[in-house]
Structure formats: structure tokens, C-alpha cells
Amino acid sequence: MDQNHKDTPLDTHRHIAIDGARENNLKEVSLRIPKGRLTVFTGVSGSGKSSVVFDTIAVESQRQLNETFTWFVRNRLPKYERPHADAIEELSPAIVVDQKPIGGHSRSTVGTMTDIYSVIRVLFSRHGTPSAGPATAYSFNDPTGMCTECDGLGRTVRPDYDRILDPARSLADGAIRFPPFAVGTWQGQTYTNTPDLDTHKPVGEFTAAERRFLLRGGGGRATRKVNVDNTGGARDIDYEGLADRFERLYLNRDLSALSQRTRDMVQGFLNEGPCPACHGARLNPAALATRVNGLGIADCTRMEVTDLIGELGRVDDPVAGPIAAAAVAALERIEAIGLGYLSLDRETSTLSGGEGQRLKMVRHLGSSLTGMTYIFDEPSVGLHPRDVGRLNDLLLRLRDKGNTVLVAEHDPDVISIADHVVDMGPAAGTGGGLVVFEGTPEELRRADTLTGRHLRRATGIKKHPREAVGGHWVKNADLHNLKNVSVRVPTGILTAVTGVAGSGKSTLVSKAYTDAYPDAVVVDQSSIGISGRSTPATYLGIMDTVRKLFARETGAKASLFSFNSQGACERCQGRGVIYSDLAFMDPVTTTCEVCEGRRFKEEVLRLTVGGRSVVDVLEMTAEQALDFFARLDDTSVRRRLEALRDVGLTYLTLGQPLSTLSGGERQRIKLATQLHRTGTTYVLDEPTTGLHMADIDGLLALLDRLVDAGNTVIVVEHNLDVVKHADWVIDLGPDGGKHGGQVVFEGTPEQLLRTEGSFTAEHLRGALGGGGRRAA
1 MDQNHKDTPL DTHRHIAIDG ARENNLKEVS LRIPKGRLTV FTGVSGSGKS
51 SVVFDTIAVE SQRQLNETFT WFVRNRLPKY ERPHADAIEE LSPAIVVDQK
101 PIGGHSRSTV GTMTDIYSVI RVLFSRHGTP SAGPATAYSF NDPTGMCTEC
151 DGLGRTVRPD YDRILDPARS LADGAIRFPP FAVGTWQGQT YTNTPDLDTH
201 KPVGEFTAAE RRFLLRGGGG RATRKVNVDN TGGARDIDYE GLADRFERLY
251 LNRDLSALSQ RTRDMVQGFL NEGPCPACHG ARLNPAALAT RVNGLGIADC
301 TRMEVTDLIG ELGRVDDPVA GPIAAAAVAA LERIEAIGLG YLSLDRETST
351 LSGGEGQRLK MVRHLGSSLT GMTYIFDEPS VGLHPRDVGR LNDLLLRLRD
401 KGNTVLVAEH DPDVISIADH VVDMGPAAGT GGGLVVFEGT PEELRRADTL
451 TGRHLRRATG IKKHPREAVG GHWVKNADLH NLKNVSVRVP TGILTAVTGV
501 AGSGKSTLVS KAYTDAYPDA VVVDQSSIGI SGRSTPATYL GIMDTVRKLF
551 ARETGAKASL FSFNSQGACE RCQGRGVIYS DLAFMDPVTT TCEVCEGRRF
601 KEEVLRLTVG GRSVVDVLEM TAEQALDFFA RLDDTSVRRR LEALRDVGLT
651 YLTLGQPLST LSGGERQRIK LATQLHRTGT TYVLDEPTTG LHMADIDGLL
701 ALLDRLVDAG NTVIVVEHNL DVVKHADWVI DLGPDGGKHG GQVVFEGTPE
751 QLLRTEGSFT AEHLRGALGG GGRRAA
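Now the structure itself:
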């Protein structure tokens, strides 16, 4: 790992200069960030890291870059508002690699989002035999290449008529199980009144012709009318086959127009599976018939990246060789970031946040651009300590190509390779927004900041783990890469499920375990609603109680105390701000001059409870609100506020838009909605995501309280502090993809230390042996 760049003194004449930044909670922050270096921003969740890196530097860089385009082009680009700062100078074009999902629709795969599949298509069109035609003939997103049966999706959704029809019953006796067509319904009369079938004969005894008529009607011949009674009047209607009607009403239309209840009901009568024509390959027969070195294009996309590199490396044709070499170069970049276990046909919607973020990095590693600013949002998310070393190599490679690399990060291993560190704090929310340290990683370890103190601290392994009170068995699990796994998950204790990326952790816990025990409370990485109108008070259900309380005490309508209803300021419609789109100019957001940003009408502000208006309540932090509602003796609100305290979010105000929260804060607020249960199994998917080392202490205390209250807690986790603290560890591996899917260890953390053949054990020994984590 070449870090010679770190040995040279920082050039004070080449830096990004920020003066008086005031975005979100920043308090007149001024910074000089060295260019051509790797700078890591640290600090607790909500301390202001993202406000500096993303909301100030990235936004201003992208805003100024857009200004270089013509008015016609700019009007079609995303519009960015000028960040609140006195000056931002010496910027270079910024490329942001964030944690947002990378396009979850069913036509997006690893191959398409990395553009490697495009290269593979060219290879087959130029070198494959028999050729199906140009490159588009091998695209499942193009009519010339897609399977006509499934339209290139690789799977079909079909009604399950064995589930819809009960063969032991007659039509008159309720053979149709689908509720909208059942006996007694208006549509059901079509089948109970038809003169063309014996409606008292069990459906299972129908001849082939009778069953065909029931499902598809009379085909080309005229079908006799059926007498039905609708809204009090009898009339004759044309007979419509049960299958034809089901598909017309529930398959061949936009299901989003139906209610969620109806969609859930219909889902229970459908079968989804591989397309019977292409068997999941998505392509038509001509494309699937083409061979390169004996392999079809579907064979290539199904292979793990590591295996595909070897196969394409054997292509030595003068024309096809350079094309295959271009694909191999891109595939090797995927392998280099620890994702060699993926296949090109893997849908992007099934990728974890960490996998998606690393795939975004691949697109930039092959670029020859220099002088850019790369901005990463916690790139170590979802990475086992073994893979963090690979990540560090990539960050240093980007820097050494002549780029500036800015990283918001909590992982000590990533912090250790920085040329420069900016520590934000000292706390979160209104207690943060200041630069509390600037310097090298070595200097940070000696600094008297929260981050510095935790970097110096060495935590030991749990010596006296709890004893399980029972166990939940998962038996013979073979989903994805799991290899007939049977494992006993202890109950009544804290269990950590570990292993490198792709080893099968999430499949075992989030799929196999939760399928066997569906009552488990699952808190995963999925996003929560983050509109500008959604707040902690609305998300936790506190606002409903607040409105009823104010209505009861003041005699006014409850809707008057909602900025989404009658109480909203008429000028800004309850937003508190006025957003002005100035066509070709930058948009401008100004505080509403009528309500002064308070969102409510003036008449609402005059109505108080306990001397506080509803605006005063929304401006309270969760800690302040606990005191206020304790005096009012409202237990329902207090219980929800205590949940916020338990997850370490007492600094949030009740009216703060969820769109301003970090990823870690959003996951914790989601966890807060599920607390205060007893005898429950909690399944948490990487709960340390977005958490500072100090926040992890609070998380561990919360997990202990859950277990001590009689619950079972299972965490899928890479963080070694969580592994040390667990009562039991289930380690999967030994590696990812086809080389994983096995349980390599079950036992206490102390027993894990003595285990060979486990990457988790290897890094746990390194963390304990050197007073800190060992570099991967």
C-alpha cells in the first residue's frame, strides 16, 4: 500500500477554502482542505460532517459546474441552491459516491449498471457463432434481443388456478376461493348462474372442455348470456371466463391503482417463477444460441466475476481479444474491491448498501480524469474488516492519480490512512457544527476529542457471556449460496452473525430465519419516508397525541394544530419556507415572511397548553419534551420520547425534517418505533451503520437493555466492538459467493479467538493483540 504521499508536507497554497459555512447546524465554519490529498471527516452522527462535505462542498461544486453549460442544458439539469457560506473557493469538479440505492428496478443488473454487459454484448455480436446480429440483439432491454414471453424480465407472474379453484367443491358450493369472484358476489354470479356448466358438479370432475370453458369461455363462438342481479336489477351479460376476467382486472393493468389490501389479496393467488421460455435468461432463442469458446451469453452472466475473468482471458482472436480484454479489465476492478462473488445477472435491487457503493466506485477507477474531487459517504458500510483494506487501496489509488478524496467515515482503519483529518463536534445537533480538530491521524489519537479518546481506547472481549434460555433452529437452508445450513440460534441472549461480504449472513438471518420465525421484529437498512413534511413527531406518532391534547385543552379542532391541514400558514402551505424556481437561475429558498418559518397560522400560535404553543413543542428537543410531557402526565407521548432517548437521539427536535437526518439517525429512529416489547426476537441488520465509536457504546447499552428485558437480539454485524460484546457468535464463510454459505464457527467470542480458518477470528485477534484494529 503506497502511502508516500503522506510523507510530503501539505501544500498550503493548494486547498479548498471554506469561510463562514452555515448549512444546517454548522456554526460559521471555516476550513482549508488540502487538494490532492485524502481527507477524512470524523465526528458523531449529527455533528456536521455531511453538512460540510455534501451540503456545502459537493453542492457548490456541482452548482458551479452546471453554470458552465448553456441555458438550454441547465434547464434540464438538477438545480442546486447556493450553500449558506461567506465564500467557497478553489473547488474542482466533484463526483459524489453516496449510499443511495443504485436503481432497484428489475431490468437493472450488475452487468448493466457497470456497463460490462454492453462489452459482453459486443463480444458476442462480433465473435459469437451463430451470430444473432448486432449488439442490441443480445440486450434483454431491447425488443430485438428480449425474450418475448417475459419481455426480458426472466420471470413470469401467473395466476395459480389450483389455488383459486377448490376441486372438491362445485361452483354453487364455493369452488372459487378468490373473494371478488366468490359465491354471493356480483361477479361470482357469472359462474353460479351460467347455463353452460353444471354448477352443482365438483370442479375437479369437469371435463377438459368444461374446465376450458370455465376459464376461457367459448373462444370464437358466441357465448350465451348470463342473468345476474346487480344493484337491484336483473340483466343479461356476456359470459367472461374466470381466467380472462382475473387477468384483465388484476394482471393486465397498473396494480398501483389498486388499494394495498387488494394487491396483497391478489398476490396470494399468484405464482412467480422463472420464465418457461428462456428459463430466466431474459433473451430470445437466437441470442441464447450464440457461443463464444463454447459458452453462451447467459452462461457468462451467471458466472461469478472471478470465474468469468478466467473464461474471457482465454479469448485470443485478433478481433475479439481486445474486446474481451476490456471486459476483463473492468471485471478485475470488481474483483479488486472484494465483489468477485457477484454475477453480472444479479439484480441491483438485491445488493446491500455497501455492495452498491463499491460498484459505483468501479465506474470511476477506470477513468483517466485527474484533478477531480471524489466524495465518499461512509464507504466502509457493509464491509468486513478484511475488505476494508481493499477499500483503502482504492481510495489511495484515486488520490495518487492526482485527485482530491474526501471521505465521511467512522471506521478507524479508514481514518488511519488519511493524509488529513477534520473532526467535527463536539456533540450532535445543536451541540455540534464546529471543527474540534484538524491534523494527522496520529495527532487525532492524542487529541482530547470524543473521536481521539475512542481511538486510544482498547476494549476487551466479554468474559462472562449470558446463558441461552432456549434455541430457534434453522434447518437445511439452501437459499442463494447457503449450503444446506442447519444452525441453532440461541434465545434470550445477544447473538452476532458475522462473515465477509457475500458469505450468506443476510440470507440466513433475514430470509431463512425470519421465514421460520415470522413474528421476529426486523430492523433493516431500508429507507424511511424522508419528505420535508415528515418529522420525528409524525414518524413516531407523537404528533397525533399532541394535536388531540391541544384540542382537548383549548377547545379548538385537532386539525388546527397540523401544518399539513387547517393550521398551515396559507402563504407557505405549512412548509415554513418559500421555494422560488427562477427558471434559468439558481433556485432560492427563503423563510416565509408571514409565519417566519413557524409553519402555522398566527391564530394557532395564540393557543397554548402549559404556557407552550404547538410550535414551541415542535422546537423542543426530545430531552426537553420529556420534561414538558412529564408535567402534563401524558404517558403515551412520554413512552415514545423515551424510545428516542434509548436510541441516543435526544438532541433531535420534534419538528426537524427527516430529510435532514443522517443514515445512522434514520435507522435508529426506525428502531425506536419497535422498542419496549418483552419476549420478542429483534433482528437488526448492521445497526452500527452510520454510528460513531461513541454512538456504538450507546447502541450496545440499548441491546443489553433489550436482552435484559427478556428479549432475543440477533445482529448481522461486521463491527468488532459488537462481536466482542456478543454472548454468542455465528460466523459464516469461509469466503463469499460460492466459497461461502457454510457455518464455520458457533460459540462465544472468546472461543472464536482460538478458531482457525475464520477471517472474523483473524481480525478479532489482530484487534485485541495490538491495542487497536489490525489493517487488513
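Note that UniProt numbering has the sequence shown beginning at 1, numbered continuously upward. Glycine included, each C-beta is placed from N, C-alpha and C at the ideal position.
Here the C-alpha atom of G241 lies approximately 14 angstroms from the C-alpha atom of A208.
Between H763 and R386 a beta carbon distance of about 6 angstroms is seen, short of the 8 angstroms cut, so the two are scored as contacting. At least 8 angstroms separates the beta-carbon of A94 from that of I18.
Taking all protein chains shown into account, G382 has 16 or more neighbouring C-beta atoms within 10 Å of its C-beta and is therefore buried.
In this structure the region 166-186 does not lie against the region 292-309, because fewer than three pairs of beta carbons, one per stretch, are closer than 8 angstroms.
Every unbroken stretch of the alpha helix (DSSP H) spanning 4 or more residues and falling wholly within the region 286-348 is given here in chain order: 297-302, 305-312, 320-336. Counting along the chain, H127 sits inside the alpha helix (DSSP H) bounded by residues 116-127. Straight-line measurement puts the Cα of S131 at about 8 angstroms from the Cα of A286. Fewer than three Cβ pairs drawn from the region 676-690 and the region 620-629 lie within less than 8 angstroms of each other, which leaves the two stretches out of contact. It is roughly 25 angstroms from the alpha-carbon of D478 to the alpha-carbon of E756.
Sixteen is the threshold: when 16 or more other Cβ atoms of the shown chains lie within 10 Å of the Cβ of Q667, as they do, the residue is buried. Judged by DSSP in its simplified three-state form, H420 adopts strand. The residue among L65, T440, T748, V744 with its C-alpha nearest the C-alpha of A726 is T748.
E717 has its alpha-carbon roughly 7 angstroms from the corresponding atom of P687. The alpha-carbon separation between E355 and V497 amounts to approximately 18 angstroms. Annotation for F124: Y138, T290, V292, I297 place their beta carbon closer than 7 angstroms to its own, counting only its chain and skipping 5 residues before and after. Secondary structure note for F41: its beta strand (DSSP E) is the uninterrupted segment 38-42. In the structure shown, S30 falls within a strand segment according to DSSP collapsed to helix, strand and coil. Contact between N75 and G48 is ruled out by a C-beta separation of about 33 angstroms, above the 8 angstroms threshold. Within its own chain, the residues whose Cβ lies closer than 6 angstroms to the Cβ of G741, once the five positions on either side in sequence are excluded, are N481, L482, K483, G504, listed in chain order. DSSP places T498 inside the beta strand (DSSP E), whose first and last residues are 494-498. Rounded to the nearest angstrom, the gap between the Cα atoms of I493 and D704 is 9 angstroms. Residues L654, G655, Q656, P657, L658 of the same chain have their beta carbon placed closer than 7 angstroms to that of T535, with the five preceding and five following residues left out of the count.
Cα atoms of G690 and L455: separation of roughly 17 angstroms, rounded to the nearest angstrom.
Between the region 147-165 and the region 274-281, the count of C-beta pairs closer than 8 angstroms reaches three or more; the two stretches touch. H410 is a Cβ neighbour of M693, given a cutoff of 8 angstroms. Under the criterion of beta carbons closer than 8 angstroms, V422 and E438 qualify as touching, at roughly 6 angstroms.
Between the C-alpha atoms of D515 and L288 there is a straight-line separation of about 35 angstroms. The beta carbon of S506 is closer than 8 angstroms to those of S352, D685, V716 in its chain, skipping five residues each way along the sequence.
Inclusion of R253 and G152 in the CB contact set at 8 angstroms is not warranted, their separation being larger than that value. In this structure, R390 sits near G338, with a CB-CB distance shorter than 8 angstroms.
Rounded to whole angstroms, T129 and T348 show a C-alpha spacing of 30 angstroms. Annotated three-state conformation of Q187 is coil, per DSSP. The DSSP-derived three-state label of D411 is coil. CA-CA distance, Y80 to V52, rounds to 15 angstroms.
With a cutoff of 8 angstroms on beta-carbon distance, L406 and T39 are scored as near each other.
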